[in-house]
Amino acid sequence: MQPAPTLTPALRRQIVNTIRMLSADGVEKANSGHPGAPMGQADIAFVLWHEFMRFDPAMPAWWARDRFVLSCGHASMLLYSMLHLWGYDVSMDDLKSFRQWGANTPGHPEVGMTPGVETTTGPLGQGVANSVGMALAARMMQARVSTDDFNVMPQRVFALCGDGDLMEGISQEAAALAGHWKLNNLVWLYDDNRITIDGDTSIAWSEDTEGRFESLGWQVLHADGHDHDELRVALKQSMRERERPTLIICRTTIGHGAPTKQGTAGVHGAPLGAKELAATKENLGWPAEPTFLVPDDVRAFFAAARAEKQHARAAWEAGYQDWRGRHPERADLLDTLMLDEAPADLRDTLLAAVPVAGPTRKLSGAAIAAALSKMPGLVGGSADLTESNGTGVEHALVFGAPDAGAKHAPSYAGRQVHYGIREHAMGAINNGVLLHGGLRTFGGTFLVFSDYVRPAIRLAALSHLRNIFVFTHDSVFLGEDGPTHQPVEHMWALRTIPNLVDFRPADGVETAMAWTYALQQAKGPTFFALTRQALPAIARQESFQPEDVWRGGYVVSDAQAPEVVLVGTGSELQLCVGAAARLTQEGRRVRVVSMPSWALFSRQPSEYRDQVIPAGHPKVCTVEAGLSTHWRTITGLGGLNIGVDRFGASAPANVLAEKFGLTVDAVFARVKAWL
Ligand SMILES: Cc1ncc(C[n+]2csc(CCOP(=O)(O)OP(=O)(O)O)c2C)c(N)n1
Ligand SMILES: [Mg+2]
């Protein structure tokens, strides 16, 4: 091993300028991107990674690594430059392919695409909320797995964020929970450059950030974000803190080093331009050529520093192996958690545990209870609707900082998470838990408030995170709460998100299989739309197998050469069954299809779809208590789509059923007239 070059002040400057210039050159070559933030944040990133973070570039998935979340995802060139210099699998060619088709250096970081990228960021505020989930997961697993003689879960979570992240409301929700949970393993480094796209932050930002975070139970520290000594002092202080998460407000200059553009919004989101870039290099004492320069000393420094990081990991690994020998049961639990697989017999367990009839939210609650006993890594809760959503974890401890005085006796080992009325953070925090690894999550609210979670759902889908969203009170049939609480457009709003799987189960069998799918089969997020009101058990034809539910749509009852197919979901399947009986009495040949998952049905081979809903002569009618128009994807333009194409109304559910034509009689009459 080459001896490391001494880290003189000159070499330090050279290192951070390397990060700056790689970032600026990358943006310049792509002719697109954000040079200002990386140039301003280079010092913070270097001190943090070099002196404080534990990681091994050769093992990006080492689970005891510290996590680094670049919440201001537009600063992606900072992260890519760091990953390259530290020897992750990000090559010089990758840096030169920034933002190009197929490159592992997309405009904003995407998890799973680039080794060392911990989460997908770009939508401001999501990353900091993810970091709270990661810190929660580390704390929870530590409480359940670690022992006093060795800390199996030493990892800390660092998020680098900007003005935009802290302006977004989700940062408030997430920070409030981090403070409440006393997540002292969490540090946010705030790039306080007082610039956003529109200019100086004073145009829309006058809050007292320090006071805000202190009131949320955070430790707040200050540092000059270009002064390595001050950054070191603050980071050391954050490590010593036993109770609180830490916010380090780092005063920086955006575009640091660019002679005419630094400190202005002009350097936020556009290449410096040839002239300014040349002037920046001259200003920093950097050679104009070659571009993408990494000086030999800098290379040698990172090679040695990387070896030190690897050495530290190996030393930890030795202690960890000793610990495994001393605590085989804990080691087994840890293996089970990290394996992160649902047991093969989950299907049987859930089918046995879930009653066949009832409100599907309650049936879902029964599925959760059964799954919890089978899957120690399953955790979750609700945004203050625990009982309503059926997301209560019976007999489980509530997650939180131990507090003997509290009525609910919280514990870091608790599996019941109370997110408070913070739907958006709930979704993003659970994404963070999944990104951390070792735990599976579910979070509940009313379907109508899925709008409040949507940005996190989209990122779960984009990132292939197996998050589970439990959305109850799924139609106008919630009744008296009225149109503000009655979802109408939500099923389709959600079904339009790629990679997201929908389930609107009609009874206990479908609910049990929907949960089994989400826990065992899913490759990405799943959401359930569940009823407030009770539903009957559905009688199915003899050939039915529970796995048919995973086809998304299947035949419930049939006729010889059907002339009409009635397709129902959730609470409206029973209407199709009832209407079919009446039509059959009148000599009609009717098939009933249940379609609990439009997404899964759409993914079936066309032969299967044609078997269930024959193309051509039979007429097809869908019934769902929500926006009807998009059911044309199933029926074609010539179909009949019965639904609710207006906002709902405040009235008892049975009255609404009459008024909206969602009764057996009404469906029967409409289909008959249409035929
Ligand atoms: C939710 C969301 N809204 C808007 C944007 C567009 N956007 C990207 S960066 C940015 C300004 C962010 O300012 P700041 O965090 O201070 O970054 P800086 O300009 O300091 O680099 C905006 C509005 C976004 N990425 N996400
Ligand atoms: Mg800013």
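Basically the working numbering = 1-based index in the sequence shown + 1. Using N, Cα and C, we set each Cβ at its ideal position, and we do this for glycine too.
Cβ of residue i within 8 Å of Cβ of residue j?
i: G128; j: T115; result: no
i: V672; j: L584; result: yes
i: F302; j: L71; result: no
i: H1; j: V48; result: Because the chain in this structure spans residues 2 to 676, residue 1 falls outside the shown range and cannot be described.
i: T473; j: R533; result: yes
i: P547; j: V510; result: yes
i: I255; j: Y191; result: no
i: H486; j: F447; result: yes
i: D95; j: A104; result: yes
i: W599; j: D503; result: yes
i: L222; j: A235; result: yes
i: H409; j: V454; result: no
i: G640; j: V665; result: no
i: A654; j: F545; result: no
i: A457; j: A429; result: yes
i: W63; j: R314; result: yes
i: A65; j: W317; result: yes
i: V193; j: C73; result: The displayed chain sequence assigns Asp, not Val, to residue 193. Cβ distance not < 8 Å, so D193 and C73 don't count as in contact.
i: L628; j: E481; result: no
Of the residues the options, which one's Cα is nearest the Cα of residue i?
i: F443; options: I369, D90 and Q173; result: I369
i: G644; options: M83, A652 and A658; result: A658
i: L463; options: K262, A513 and T527; result: T527
i: G381; options: L364, H419, S544 and A410; result: H419
i: L161; options: N152, G126 and L178; result: G126
i: T253; options: R592, G108 and Q42; result: Q42
i: A372; options: A358, V357 and D349; result: D349
i: Q311; options: M60, L351 and T197; result: M60
i: W324; options: N152, A5 and T485; result: N152
i: V188; options: T473, L96 and L137; result: L137
i: Y518; options: V550, L531, P499 and M376; result: V550
i: I469; options: G554, Q605, V434 and G218; result: V434
i: Y321; options: L479, G88, W675 and S147; result: S147
i: H197; options: G163, F214 and G428; result: Going by the sequence as given, residue 197 is Thr instead of His. When only C-alpha atoms are compared, the closest one is G163.
i: A652; options: G483, P488 and L601; result: G483
i: E242; options: A304, G617, L184 and A345; result: L184
i: P360; options: G391, V591 and E215; result: G391
i: M135; options: Q101, M168, Q417 and A179; result: A179
i: C577; options: R610, R541, G480 and Q561; result: R541
i: R140; options: R195, G401, L334 and A275; result: G401
i: A305; options: P58, P615 and T281; result: P58
i: K282; options: A319, V17 and V557; result: V17
i: A582; options: N655, P615 and V668; result: V668
i: A397; options: S374, A407 and W219; result: S374
i: I498; options: L460, Q522 and G554; result: L460
i: S92; options: Q15, H75, G117 and L531; result: G117
i: H75; options: S572, P36 and I20; result: P36
i: S572; options: P411, E111, A626 and L676; result: A626
i: E309; options: Y609, A5, K262 and T570; result: A5
i: A523; options: V613, L501 and F661; result: L501
i: S603; options: L531, H631 and P155; result: H631
i: F99; options: E388, L80 and V355; result: L80
i: P39; options: V591, D149 and M22; result: M22
i: S172; options: P124, D149 and P155; result: P124
i: G34; options: T106, A11 and T636; result: T106
i: V112; options: N131, W102 and K97; result: N131
So residue i and residue j are in contact, right, with Cβ under 8 Å, and what is the actual spacing, rounded?
i: A46; j: M83; result: 6 Å
i: S574; j: A507; result: It should be pointed out that residue 574 corresponds to Leu in this sequence rather than to Ser. Yes, they are in contact, since the Cβ atoms of L574 and A507 sit about 4 Å apart, within 8 Å.
i: I157; j: N186; result: Checking the sequence, you will find Arg at residue 157 rather than Ile. Their Cβ separation, rounded to whole angstroms, is 5 Å, which keeps R157 and N186 in contact under 8 Å.
i: Q1; j: R647; result: No answer is possible for residue 1: it lies beyond the span of the chain, which begins at 2 and ends at 676.
i: G200; j: D44; result: Not quite, the Cβ-Cβ distance comes to about 24 Å (not below 8 Å), so this is no contact.
i: A384; j: M427; result: 5 Å
Inter-stretch contact at 8 Å, needing at least 3 Cβ pairs: the segment 278 to 286 / the segment 49 to 62
Contact fails: fewer than three Cβ-Cβ distances are below 8 Å.
For the segment 589 to 676, which segments carrying the alpha helix (DSSP H) assignment without a break, of at least 4 residues, lie completely within its bounds, in sequence order?
Within the segment 589 to 676, the complete alpha helix (DSSP H) runs of at least 4 residues are 599 to 603, 607 to 613, 633 to 636, 654 to 660 and 665 to 675.
> Looking at C-beta atoms only, is the number of pairs between the segment 290 to 301 and the segment 20 to 31 that lie closer than 8 Å three or more?
Replying inline: Yes, they touch.
The segment 261 to 280 in contact with the segment 206 to 222 per 3-pair CB rule at 8 Å:
Taking 8 Å as the limit for Cβ pairs, the verdict is that the segment 206 to 222 does not touch the segment 261 to 280.
**Asked** Touch check for the segment 486 to 504 and the segment 423 to 443: three-plus C-beta pairs under 8 Å?
**Response** Using a C-beta cut-off of 8 Å, the segment 486 to 504 makes no contact with the segment 423 to 443, since fewer than three inter-stretch Cβ pairs fall below that distance.
| request: Could you name each continuous beta strand (DSSP E) segment of 3 residues or more that falls completely within the segment 315 to 399, going from the start of the chain to the end? | output: 379 to 383, all fully within the segment 315 to 399.
(message) Ignoring anything shorter than 4 residues, give me the alpha helix (DSSP H) runs that lie fully in the segment 112 to 192, in order along the chain.
(response) Runs of the alpha helix (DSSP H) spanning 4 or more residues and lying entirely within the segment 112 to 192 occur at 127 to 146, 164 to 168 and 170 to 181, in chain order.
Segments assigned beta strand (DSSP E), at least 3 residues, entirely inside the segment 481 to 544: The DSSP assignment places complete beta strand (DSSP E) segments of no fewer than 3 residues inside the segment 481 to 544 at 502 to 504 and 527 to 531, in order along the chain.
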